[in-house]
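Trainee:
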Amino acid sequence: MSAVPASPVVTRFAPSPTGYLHIGGGRTALFNWLYARGRGGKFLLRIEDTDRERSTPEATAAILRGLTWLGLDWDGEVVSQFARKDRHAEVAHQMLARGTAYKCFSTQDEIAAFRTAEEAAGRYPVFLSPWRDADPATHPDAPFAIRMKAPRTGETIIEDQVQGRVTIKNETLDDMIVLRSDGTPVYMLAVVVDDHDMGVTHVIRGDDHLNNAARQQMVYDAMSWQVPVWAHIPLIHGPDGKKLSKRHGATGVEEYQAMGYPAAGMRNYLTRLGWAQGDAEIFTSDEAMKMFDLTGIGRAPARLDFKKLENTCGHHMAMADDAALLHELRAYLASAGRPELTDGQSARMQSALCFLKKSAKTFPELMEKAEFLLVERPISFDQKAADALDTVSRGILKSLTPRLQNASWTKEVLEPILNEIAAENGIGFGKLAAPLRAALAGRTVTPSVYDMMLTIGREETVARLSDAAA
RNA sequence: GGCCCGUUCGUCUAUCGGUUAGGACACCUGGUUUUCAACCAGGUAAGAGGGGUUCGACUCCCCUACGGGCUGCCA
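To convert, note that position 22 of the first sequence is 111 in the working numbering; the numbers rise steadily by one, no gaps.
Following this line, the structure appears as structure tokens:
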């Protein structure tokens with residue numbers, strides 16, 4: 090065992106509960122999880138619910154469900170940012186006391202008027218509060234917001250693990266409000282306070298926050314707090330290169346579950362989307378934790394490729410443990426609103442999974458291939474199956490059943506019998522397999538005939554053949 | 001408008017000044033086969049454009065084009 094690192098890694102995922110868990114958010118959470126878990130650190134979850142208008146408990150529940158399905162477990166309790174608003178206000182007042190913030194009595198109307206005037210004059214509106222250096226003696230007895238006293242000259246440098254060194258000129262940033270005039274904190278303050286209080290060492294998040302990082306770093310500086318390691322990752326784009334949105338299809342993590350992608354495959358695909366370690370393509374989460382690092386993250390936005398997602402899922406389907414797969418299959422059926430398996434179907438499924446999983450990429454595909462074990466007699470035939478069961482074929486099946494009656498039910502025993510029948514009728518095995526397939530499954534595209542016979546057993550096989558031969 | 005970030009096969013990417021620019025998915029061809037799939041073998045396919053720096057640039061610098069983000073008393 091390696092020694093416990095001096096400063097354990099603490100990462101977090103901090104979504105706003107305004108909707109389902111977006112696939113991009115799921116990937117951000119995954120990166121944080123992988124990074125922390127691979128280093129014996131902690132992965133925390135915080136819900137940024139300070140926007141009371143848009144936050145809903147339903148959205149929080151959906152986000153938790155999505156993370157759980159993806160297999161991303163977090164440490165400790167879920168933190169509500171809203172619940173910490175008093176702490177945020179406290180810090181705002183500490184900044185006031187330290188002289189790194191000031192009371193601003195400008196009204197929103199005044200600011201809005203300033204902005205429209207500047208824009209009308211063709212200038213970029215950076216609002217500079219007249220109260221920044223005002224003598225407290227001149228303060229009116231009126232509501233005020235607390236603004237950060239940001240440096241007006243020089244530059245703020247973000248040392249980003251993904252983007253490299255990013256330099257922002259301080260003159261382009263105004264004094265942002267940290268506490269609104271109604272006493273509620275603003276997001277930019279809340280994140281910093283929460284990340285600091287929660288001991289977050291690495292902030293891994295979407296690069297839409299890259300510019301924000303400069304202002305947040307100013308808050309860390311204003312409080313003399315240790316700045317975390319930044320890692321701003323590019324957002325995921327749709328197949329057309331545009332920001333991933335509804336018109337590209339599924340954007341919610343739970344939609345992918347309902348479409349039948351196995352979670353392990355989803356994790357693998359999402360890990361490889363915008364991150365690479367040499368030629369590694371297919372790996373388990375344990376392996377991913379060992380390999381994952383910040384330097385392997387690409388700087389350009391990656392596009393979603395469903396074909397590759399499917400392929401990756403196919404590998405994981407084949408690698409999966411049968412019992413675990415059956416369990417996940419059940420969860421899929423429930424999430425997709427499909428009927429659950431009966432006891433009989435479950436039993437057959439359990440014994441068939443060892444070969445079904447090798448060629449299926451998704452759960453719907455698995456169910457498609459398992460159709461033969463799902464149906465009950467009398468089974469119905471589709472058009473092609475019915476065509477395959479012509480008079481000649483039925484005659485052959487009829488001669489086959491007596492020989493199966495007392496046969497030991499192993500492939501070693503069945504193979505010679507079927508080959509014999511084929512030979513006696515002067516046909517190749519392929520010609521015999523077609524009607525067999527039709528009789529056993531009611532369709533012409535099925536798993537191997539031996540696999541099917543072994544799965545449903547002798548009695549059921551003979552019964553289905555007799556039904557078809559009649 | 002300003003600022004910030006990005007740009008290698010169709011897609012995800014490797015390369016960290018010297019390679020026949022590698023792998024994976026997809027696609028095409030062939031093989032295997034008991035249908036579909038899976039599997040095996042092979043193939044097509046890339047450094048956005050233009051300037052520099054250098055003996056040498058995908059790699060470093062600049063410009064352009066294109067894409068994205070930020071620019072709120074939203075998060």
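C-beta atoms are modelled at their ideal positions from N, C-alpha and C, and glycine is treated no differently.
As the structure is a prediction and not an experimental result, all values here were calculated from the model.
1) Cα-Cα, which of Y309, L262, W498 is closest to A279?
2) Please report how far the alpha carbon of V93 lies from the alpha carbon of I322, in whole angstroms.
3) How would you call Q315, buried or exposed, if buried means at least 16 neighbouring beta carbons within 10 angstroms?
4) Quick one: what's got a C-beta closer than 6 Å to M90's C-beta in the same chain, skipping five residues either side?
5) With DSSP as the reference, please indicate the residues paired to A234 in a beta bridge.
6) Any idea what DSSP makes of T245, helix, strand or coil?
7) So what does DSSP say about P94, is it helix, strand or coil?
8) Considering only the alpha carbon of each residue, which of P146, G349, K447, C443 lies closest to P104?
9) Less than 8 Å between the CB atoms is what I'm expecting for G155 and Y109, so what's the real figure, rounded?
10) Beta-carbon within less than 8 Å of K446's beta-carbon, same chain only, minus the 5 sequence neighbours each way: which residues are those?
11) With a threshold of 7 Å on Cβ separation, who are the neighbours of T245 within its own chain once the five nearest residues in sequence on each side are excluded?
12) Looking at the secondary structure, which residues open and close the alpha helix (DSSP H) in which V538 lies?
13) Going by C-alpha to C-alpha distance, which of D297, G114, A449 sits closest to N400?
14) Under the rule that 16 or more other beta-carbon atoms within 10 Å means buried, what is L217, buried or exposed?
15) Please report the straight-line C-alpha distance between P106 and F171, rounded to a whole angstrom.
16) Exposed or buried, which one is G519 when buried takes at least 16 other CB atoms within 10 Å?
17) If we call anything under 8 Å between Cβ atoms a contact, is V282 one with R176?
18) H228 by DSSP, collapsed to three states: which one?
19) Can you confirm whether the region 495-509 touches the region 420-428 when touching is taken to mean that 3 or more C-beta pairs between the two stretches lie within less than 8 Å?
20) In whole angstroms, what separates the C-alpha of Y337 from that of T360?
21) Given this structure, state the Cα-to-Cα distance separating R384 from G517, to the nearest angstrom.
22) Within the same chain, show all residues whose beta-carbon is closer than 8 Å to that of G272, passing over the 5 residues directly before and after it, in chain order.
23) For a minimum of 3 consecutive residues, which ranges assigned as the beta strand (DSSP E) are wholly contained in the region 102-190?
24) Could you compute how far the alpha carbon of F194 sits from the alpha carbon of A231?
25) Closest to F470 by CA distance: which of L554, T196, M355, S374 is it?
Mentor: Taking the coordinates as given:
1) Taking the first sequence and counting its residues from 1, the one referred to as residue 279 is at position 190. Residue Y309 is the option with its Cα nearest to A279.
2) Against the first sequence, residue 93 aligns to sequence position 4. Against the first sequence, residue 322 aligns to sequence position 233. Residue placement at V93 cannot be trusted, given a pLDDT of 46 that sits under 50; what the coordinates show is reported in the next sentence. Approximately 28 Å, taken between the alpha carbons.
3) Here residue 315 refers to the residue found at position 226 of the first sequence. Answer is exposed; the Cβ neighbour count stays below 16.
4) In the first sequence, the residue the question calls residue 90 occupies position 1. In this prediction, M90 scores a pLDDT of 34, lower than 50, which makes its location untrustworthy; no coordinate-derived value is stated.
5) The residue you call residue 234 lines up with position 145 of the first sequence. Paired residues: C193.
6) Sequence index remark: in the first sequence, residue 245 carries index 156 (1-based). Looking at T245 - three-state DSSP - the assignment turns out to be strand.
7) Walking along the first sequence from the start, residue 94 turns up at place 5. Residue confidence for P94 is low, a pLDDT of 48 falling below 50, so the modelled location carries little weight; the figure read from the coordinates is stated next. It is coil, neither helix nor strand.
8) In the first sequence, residue 104 corresponds to position 15, counting from 1. Of the listed residues, the one whose Cα sits closest to P104 is P146.
9) Position 66 of the first sequence, counted from the start, is the residue given in the question as residue 155. Position 20 of the first sequence, counted from the start, is the residue given in the question as residue 109. Confirmed, Cβ separation roughly 7 Å.
10) Taking the first residue of the first sequence as 1, we reach residue 446 at position 357. Cβ within range, chain order: M406, A407, A409, D411, L414, L455.
11) Along the first sequence, one-based indexing puts residue 245 at 156. The residues are I257, N259, A303, Q306, M307.
12) Here residue 538 is taken as the residue at index 449 of the first sequence, counted from 1. Counting along the chain, the alpha helix (DSSP H) containing V538 begins and ends at 538-558.
13) Taking the first sequence and counting its residues from 1, one reaches residue 400 at position 311. Of the candidates D297, G114, A449, the one whose C-alpha sits nearest the C-alpha of N400 is A449.
14) As a working mapping, residue 217 is identified with position 128 in the first sequence. L217 should be labelled exposed.
15) By 1-based counting over the first sequence, the position of residue 106 is 17. By 1-based counting over the first sequence, the position of residue 171 is 82. Approximately 11 Å, taken between the alpha carbons.
16) Taking the first sequence and counting its residues from 1, the one referred to as residue 519 is at position 430. Answer is exposed; the Cβ neighbour count stays below 16.
17) For the purposes of this step, residue 282 is taken as the residue at position 193 of the first sequence. For the purposes of this step, residue 176 is taken as the residue at position 87 of the first sequence. It is a contact, given that the beta carbons lie within the stated cut-off.
18) One-based indexing of the first sequence puts residue 228 at position 139. Note: H228 maps to coil in three-state DSSP.
19) no
20) Indexing the first sequence from 1 puts residue 337 at position 248. Indexing the first sequence from 1 puts residue 360 at position 271. Before going further, note that residue 337 is His rather than Tyr in the sequence given. Those two C-alpha atoms are separated by around 20 Å.
21) For the purposes of this step, residue 384 is taken as the residue at position 295 of the first sequence. For the purposes of this step, residue 517 is taken as the residue at position 428 of the first sequence. Sequence inspection shows Thr at residue 384; the Arg mentioned does not correspond to that position. One C-alpha to the other measures close to 58 Å.
22) Working through the first sequence from its first residue, we reach residue 272 at position 183. Excluding residues within five positions, the ones whose Cβ falls inside 8 Å are A178.
23) 131-136
24) In the first sequence, counting from the first residue as 1, residue 194 sits at position 105. In the first sequence, counting from the first residue as 1, residue 231 sits at position 142. In a straight line, the C-alpha of F194 is about 7 Å away from that of A231.
25) On the first sequence, position 381 is the one that residue 470 refers to. Per the Cα distances, L554.
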